[in-house]
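One structure is given here, and the rest of the page talks about it.
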Amino acid sequence: MGNASGGAKGKSAADLSSARVSICVALLVVMGFILGSSEFIIIGIEQQVADAFAVPLSSVGGLVSIFALAYAILTPALALTTGRFRRYTLLIIYSLLFCAGNALAAISPTFEMLYAARVVLGAVSGGLLAVGVTYLPELLGPKRTSFGISLVYGAFSVAMVISTSLGKMIAEVSSWRVAMWAVLAVSIAVCVALVAMLPRAGETDEPATVRDQIGLLGEPQVLVGMAIFIFGVGGVYVLYAFITPYLERVLGMSALQASGTLMVYGVMCIISNMLSGIVDARVGMKGLVPVFLLQAGLLFALYLLGATMPAALLVILGLGISMYVLSVPCISMFMRVARQRHPKAMMLASSVEPTAFNIGISFGTAVGSAVVAGPGMASAGVVGAVFSLVACALTLLTMRIDRRRG
């Protein structure tokens, strides 16, 4: 591995042909998608997993939470502690662990082993994503880096819905394990291609100590920005973590209708990612204020509507459009703060958004599990609405801090 990853003998991004650069960027986008699929596949097969292991549905929701929690805690920890390692070496290690985690999930004979597999996947997914994103400035140049980052994170986000619906369809016609094996097969193909095609050397191979990076996590905009994700994403996940049983039990849909609805929801999320880039380019963080107010209104309306169709369904699809608008404005803010004050913390900055997003997922899913076990799934909307209002208030606070710090 020494020569393959060595600086002098390895190709840098500047040495690559334009065709290979395009392939590398495309692979990084696909990597975002498969990382998202690995995380979210469980949402579409929750009921089948619960039946297979004879555990309550609320316990299966813990598989979502534990992945997100491991991701949220270990992604920044890995970014801080592996700064002295070469980037290409980390790419190989994370790729191997990621494929191993998916294999363990597919063969798990017990619920406890499936839980362990989700911890492994959560631990390495963030590291793999953060390493991959650091290639984009060298591949695309500074003017197109934001566009590339939005594509990778957008693919991760879109996978949330597409993998959920496809996983459900596969589980309905075959079994939930087949869905897991499918994710493993694609993961192996993508990781092998990444290791083969990405440059061995680059600008971000400059060593960075914990001291060089840790200051970024003390920046007020970064701290409040992470809190925006916790409540903004958490507000939707109170509902979305249990969206399949919600559609079937509360709205009375068949399994086929629920799968179709999830596919349409995926289209709404694609639109949401496109809106995120537009909002950031035109108005930045202040564009999130009306978005969170709208999101709160939709969640509360869903609580009031109950099982009323098709109005409740239209509200759910509206939530899909609002779901990812917060991403690019917050990513841009994290990266800007890093460039201005902590230039050696770019890998850590690239990990803040997925870390914060997954804290939001874990928080929202945990609250959603409590709602399901307590007042019932139909009450998820009102709880989510309160969280969205908190996210709105935090957005206003971030803007105020940003103005004061120039």
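Following our numbering, the numbering of the sequence shown begins with 183 at its first residue and continues without gaps. The beta-carbon is built from N, C-alpha and C at its ideal position, and this holds for glycine as well. Being a predicted model, the structure only gives us computed values, none of them experimental.
Under the three-state DSSP convention, the category residue i falls into
{"i": "M435", "result": "coil"}
{"i": "T346", "result": "helix"}
{"i": "Y253", "result": "helix"}
{"i": "A555", "result": "helix"}
{"i": "V465", "result": "coil"}
{"i": "G479", "result": "helix"}
{"i": "G488", "result": "coil"}
{"i": "P381", "result": "coil"}
{"i": "F569", "result": "helix"}
{"i": "I227", "result": "coil"}
{"i": "M528", "result": "helix"}
{"i": "T264", "result": "coil"}
{"i": "N185", "result": "Legend: pLDDT at N185 = 40, less than 50; position of this residue unreliable, value from coordinates given subsequently. Three-state result, N185: helix."}
{"i": "R587", "result": "coil"}
{"i": "M505", "result": "coil"}
{"i": "T391", "result": "coil"}
{"i": "G177", "result": "It is not possible to answer for residue 177, since the shown part of the chain is limited to 183 through 588."}
{"i": "R326", "result": "coil"}
{"i": "S199", "result": "coil"}
{"i": "S356", "result": "coil"}
Contact under 8 Å by Cβ, residue i with residue j
{"i": "Q403", "j": "D584", "result": "yes"}
{"i": "V302", "j": "A282", "result": "yes"}
{"i": "L508", "j": "V549", "result": "no"}
{"i": "L480", "j": "V497", "result": "yes"}
{"i": "I251", "j": "G304", "result": "Rather than Ile, the amino acid found at residue 251 in this sequence is Leu. In this structure, G304 lies closer than 8 Å to L251 by Cβ."}
{"i": "S247", "j": "V365", "result": "no"}
{"i": "S307", "j": "A299", "result": "no"}
{"i": "G502", "j": "Y428", "result": "no"}
{"i": "A337", "j": "V211", "result": "yes"}
{"i": "T443", "j": "L495", "result": "yes"}
{"i": "W358", "j": "I227", "result": "yes"}
{"i": "I543", "j": "V415", "result": "yes"}
{"i": "I225", "j": "I425", "result": "yes"}
{"i": "V260", "j": "G309", "result": "Here the sequence assigns Leu to residue 260, which means Val is not the residue at that position. Against a cut-off of 8 Å, the Cβ pair of G309 and L260 comes out as a contact."}
{"i": "M213", "j": "L376", "result": "yes"}
{"i": "S504", "j": "L487", "result": "no"}
{"i": "A555", "j": "S240", "result": "yes"}
{"i": "R521", "j": "E401", "result": "no"}
{"i": "L262", "j": "V392", "result": "yes"}
{"i": "Y253", "j": "V313", "result": "no"}
Chain-order list of residues whose beta-carbon lies under 7 Å from that of residue i (same chain, five-residue window excluded)
{"i": "F516", "result": "V404, G407, A531, V534, E535"}
{"i": "M379", "result": "R202, I205, C206, L209"}
{"i": "W363", "result": "A288"}
{"i": "F222", "result": "A341, M342, S345, T346"}
{"i": "S369", "result": "I216, S220, F280, C281, N284"}
{"i": "P238", "result": "A232"}
Spatial neighbours of residue i in its chain, beta-carbon cut-off 6 Å, leaving aside the 5 residues before and after
{"i": "L421", "result": "A562, G566"}
{"i": "A538", "result": "M408, F411"}
{"i": "S187", "result": "Caution is warranted here: a pLDDT of 39 is assigned to S187, below 50, making its placement in the model unreliable, and the coordinate value is therefore given only provisionally. Excluding residues within five positions, the ones whose Cβ falls inside 6 Å are R268, Y270, T271, R382."}
{"i": "F215", "result": "A337, A341"}
{"i": "F569", "result": "F413, G416, G417"}
{"i": "G243", "result": "A423, T547, S551"}
{"i": "G500", "result": "L480"}
Where the alpha helix (DSSP H) containing residue i begins and where it ends
{"i": "V237", "result": "It is not in any alpha helix (DSSP H) - V237 carries neither H nor E in the DSSP assignment."}
{"i": "G407", "result": "402-422"}
{"i": "R518", "result": "509-523"}
{"i": "A299", "result": "293-315"}
{"i": "T271", "result": "269-289"}
{"i": "E320", "result": "318-322"}
Minimum Cβ-Cβ distance from residue i to chain B less than 8 Å
{"i": "L486", "result": "Although the question refers to chain B, the structure presented lacks it and comprises just one protein chain."}
Sequence-distant residues of the same chain with beta carbon closer than 8 Å to residue i, five excluded per side
{"i": "G434", "result": "A489, M491"}
{"i": "A437", "result": "K350, E354, E430"}
{"i": "M467", "result": "P511, C512, M515, T577, T580, M581, D584"}
{"i": "V471", "result": "C574, T577, L578"}
{"i": "V519", "result": "L398, E401, Q403, V404, A531"}
Contact test: residue i Cβ vs the ligand GTP heavy atom, cutoff 7 Å
{"i": "L508", "result": "Looking at this structure, you won't find the ligand GTP or any other ligand, since it has none at all."}
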